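Please read the structure below before turning to the comments.
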Amino acid sequence: MLTMGLSIVSLARFQFAMTTVFHFFFVPFSIGMGFLVAIMETIYAVKKDKVYLDMAKFWGKIFLLSFAVGIVTGIIQEFQFGMNWSEYSRFMGDVFGAPLAIEALLAFFIESVFIGIWMFTWDRFKPGVHAFMIWMTSIGTMLSAIWILAANSFMQHPTGFRINNATGRIQLTDFGAVVANPQLWKVFPHVILAAFMTAGVVIAGMSAWGLLRKKSGENHFFKTSLRFGLWASLIFALASAGAGDLQTQQIIKDQPMKFAATEGIYEDTKDPAPWTVVELIDSKNHTASGKIELPGVLSLLAYHKLSGSVKGMNTINKELHAKYDKKFGKDMNYYVPPKTLFWSFRVMTGIDALIMLVAFVGLIFSRKKKDTIESHKWMLVVLGICLWVPFIANSAGWFITEFGRYPWIVYGLFTIADAVSPTSTVGTLLFSNIVYFLLFTLLGGVMIWYCRQTLHHGPYFEEADAKQNVDPFAKEAFGQ
Numbered sequence: 000m001l002t003m004g005l006s007i008v009s010l011a012r013f014q015f016a017m018t019t020v021f022h023f024f025f026v027p028f029s030i031g032m033g034f035l036v037a038i039m040e041t042i043y044a045v046k047k048d049k050v051y052l053d054m055a056k057f058w059g060k061i062f063l064l065s066f067a068v069g070i071v072t073g074i075i076q077e078f079q080f081g082m083n084w085s086e087y088s089r090f091m092g093d094v095f096g097a098p099l100a101i102e103a104l105l106a107f108f109i110e111s112v113f114i115g116i117w118m119f120t121w122d123r124f125k126p127g128v129h130a131f132m133i134w135m136t137s138i139g140t141m142l143s144a145i146w147i148l149a150a151n152s153f154m155q156h157p158t159g160f161r162i163n164n165a166t167g168r169i170q171l172t173d174f175g176a177v178v179a180n181p182q183l184w185k186v187f188p189h190v191i192l193a194a195f196m197t198a199g200v201v202i203a204g205m206s207a208w209g210l211l212r213k214k215s216g217e218n219h220f221f222k223t224s225l226r227f228g229l230w231a232s233l234i235f236a237l238a239s240a241g242a243g244d245l246q247t248q249q250i251i252k253d254q255p256m257k258f259a260a261t262e263g264i265y266e267d268t269k270d271p272a273p274w275t276v277v278e279l280i281d282s283k284n285h286t287a288s289g290k291i292e293l294p295g296v297l298s299l300l301a302y303h304k305l306s307g308s309v310k311g312m313n314t315i316n317k318e319l320h321a322k323y324d325k326k327f328g329k330d331m332n333y334y335v336p337p338k339t340l341f342w343s344f345r346v347m348t349g350i351d352a353l354i355m356l357v358a359f360v361g362l363i364f365s366r367k368k369k370d371t372i373e374s375h376k377w378m379l380v381v382l383g384i385c386l387w388v389p390f391i392a393n394s395a396g397w398f399i400t401e402f403g404r405y406p407w408i409v410y411g412l413f414t415i416a417d418a419v420s421p422t423s424t425v426g427t428l429l430f431s432n433i434v435y436f437l438l439f440t441l442l443g444g445v446m447i448w449y450c451r452q453t454l455h456h457g458p459y460f461e462e463a464d465a466k467q468n469v470d471p472f473a474k475e476a477f478g479q
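Numbered per numbering that gives the first Met the number 0, the sequence shown finishes at 479, counting up by one with no gaps.
And the structure:
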C-alpha cells in the first residue's frame, strides 16, 4: 500500500535530484567563500590592515563549515550512483571514471593538503606565504569543479568516445576531446562566477545581521565585510549573467529542446521572435496560452541580433523522432518538463537581477562620503533575507541543466529508464529516500546552526577565548 503509484524510475530520479541539489547547495558556496577569503587575506598581506586579517579568519570559519558539509553530501551522492544507477555506471564508467579519478587524486588532494596547512599555521608563516595556502585551496576547489563538470558535460554533449559493439558500452578514445568539450567551457565560467556571487551575497547578508545586532567593537568589521560582500555580489552577478549568455548559445546549438522549453515555445516563432514573460503551459496537449510577450526580444537574446525565429518543441520533437526512432523506437517521448524549465529559468535570472539591484542600492547607502545604511534598518533586513536567494537561483539553474537532458542520461546515447539498477525495488528506494532526506535535513540544520552561532559569537570571540586558554605546562598556569 505504501508503494502504490510509485515507480522505480521516478524514485531513483527523485533520489538523484535530492542528493545532487543538496550537494549543490554547498559546492558553489564553499568554492566562492574560499576564493573571497583568499582575496581578504591577500589584501591584508599587501595593505597590513588588520580588519582584513580578522575577516579572513572569521569568514574562513564559514568556509570550513561549508567545505566539510560539501564533502559529506558528496560521499552520499557517490553511494546512490552504485545503489540506483548501476547500468549507467557500466555504460558510462570508462569515460565517467577518468575525470572523477583525477578530481580525487589531484584536485581534492590539493584542497585537503593546503586547507589543513592554512587552518593551523596562522602564526607560523608570513602573511603572504599563509595567503598562498588559501589560494592553493581555492584553486583546488575550482579544479574539482572542472573535473566534475567535465563528466557532466559529456552527459550533455558526448565527445571523444566510441561504442564498443561487443559490450554495447562507451569507450574513451580521446581524453583531450572530453576536456575540450565546448559544453564544459561554457558551463564552467557560469558556475564559478555564480559561486563567487553566492559567497558575496552570504557575506553581505550575514554582515547586515551583524550590524543590526550593534555589538560593541564589531561595527567596523561588519561594515567592511558588508561593503566587500556587496561589491563581490554586484561584480559577479553581472559576470555570471554574461557567462550564462555564452552558455545559452551552446545550449541552442546542442540541446534546442532544452532552450525551447526554457522559453515555453511549442510552435515555431515568428521572425523576429518575441520573448515570453509569463504564460500558461499545457504540457499534456503541448500548447501554451495567456502569454505576455515582448516583441523581438528573444531574437536579440538568442542570436544577438534583431532577426531570427526559434524552433518550437513540437518541431524539435519531430526532428528527434526522425533522428532516433531506429534506435529508441517511435514511442519515445522527447519533450522535457516545460513548466519546470520555463519557471526555473525565470527564477534564476530574476534572482540574479534582484542581487544586482540590492547590491547596487546597498553600496549607495554604505558609501564612505554618505554612509547611512545603519539608519536604514529595512535595507539591512533586506540584505539579511537575501543571503538565502542565491541558493534558490543555483538550484533553479541545476534544474535546467539536468531536467533539460530528458529522456537521456547521456544525450542521444542512453536513456534514464535504461540506466536504473535492475536490482532496485520500490521498497528499498523509498526507504533510502526517507533516510537520505532525514540525513540531509540534519546536516543542513547543523550547518545553519553553526553559522548562526559563529555570527552570534562575532569575529573576536576566539581572541577573547584564547586569553583564557593557557598552556597547562607554562609558568602562567601556576601563577606568579
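Built from N, CA and C at the ideal position, the CB exists for glycine as well.
Note that the structure is predicted; figures quoted are calculated from it, not measured.
Contact under 8 Å by Cβ, residue i with residue j
i: F160; j: V94; result: yes
i: P421; j: A193; result: no
i: S232; j: A55; result: no
i: S365; j: R212; result: no
i: D270; j: G307; result: yes
i: A260; j: D351; result: no
i: F57; j: P458; result: yes
i: M494; j: I116; result: Past the edges of the chain, shown from 0 to 479, lies residue 494, and the structure says nothing about it.
i: G228; j: I250; result: no
i: L143; j: E102; result: It should be pointed out that residue 143 corresponds to Ser in this sequence rather than to Leu. Their beta carbons are under 8 Å apart, which means S143 touches E102 by this criterion.
i: H189; j: G243; result: yes
i: Y435; j: T18; result: yes
i: G204; j: G383; result: yes
i: F80; j: N432; result: no
i: I291; j: V309; result: no
i: W274; j: L293; result: yes
i: F113; j: T72; result: no
i: A150; j: V178; result: no
Bridge partners - residue i, DSSP secondary structure assignment
i: N163; result: R168
i: I116; result: For I116, which the question treats as bridged, DSSP gives no partner whatsoever.
i: I280; result: A287
i: W377; result: Note: W377 sits in no beta bridge, so no partner.
Simplified DSSP assignment, three categories, for residue i
i: D173; result: coil
i: K290; result: strand
i: W274; result: strand
i: F413; result: strand
i: I264; result: coil
i: W387; result: coil
i: W407; result: strand
i: M331; result: coil
i: A476; result: For A476, the predicted model reports a pLDDT of 47, less than 50, meaning its position is unreliable and no value from the coordinates is stated.
i: N316; result: helix
i: W121; result: coil
i: N393; result: helix
i: K310; result: coil
i: G443; result: helix
i: A37; result: helix
i: H189; result: helix
i: W342; result: helix
i: L5; result: coil
i: W84; result: coil
i: Y459; result: coil
i: D93; result: helix
i: V434; result: helix
i: L305; result: coil
i: L10; result: helix
i: N151; result: helix
i: T136; result: helix
i: R366; result: coil
i: H22; result: helix
i: H129; result: helix
i: D517; result: Since the first and last residues shown for the chain are 0 and 479, residue 517 lies out of range.
i: D53; result: helix
Check: residue i C-beta below 7 Å from any heavy atom of the ligand MG
i: V335; result: You won't find the ligand MG in this model; it holds no ligand whatsoever.
Can we say the stretch 440-458 touches the stretch 108-127, given the rule of at least three CB pairs closer than 8 Å? Output reads no: the stretch 108-127 does not touch the stretch 440-458.
I'd like the ranges of any alpha helix (DSSP H) spanning at least 4 consecutive residues and lying wholly in the stretch 193-273. Taking only runs of at least 4 residues, the alpha helix (DSSP H) segments lying wholly in the stretch 193-273 are 218-253, 255-261.
Give a yes or no on contact between the stretch 60-68 and the stretch 148-162, applying the rule of three or more CB pairs nearer than 8 Å. no
The stretch 320-332 contacting the stretch 286-299, beta-carbon criterion three pairs below 8 Å: no
With a threshold of 8 Å, are at least 3 pairs of Cβ atoms found where one atom belongs to the stretch 407-418 and the other to the stretch 80-97? yes
With three or more C-beta pairs closer than 8 Å as the rule, is the stretch 389-399 touching the stretch 342-356? yes
Segment contact, 8 Å Cβ cut-off, at least three pairs: the stretch 335-345 with the stretch 399-415: With the cut-off at 8 Å, the stretch 335-345 and the stretch 399-415 touch.
Within 8 Å, do at least three Cβ pairs link the stretch 28-37 to the stretch 180-194? yes
Just checking, does the stretch 38-48 make contact with the stretch 120-138 on the three C-beta pairs under 8 Å criterion? yes
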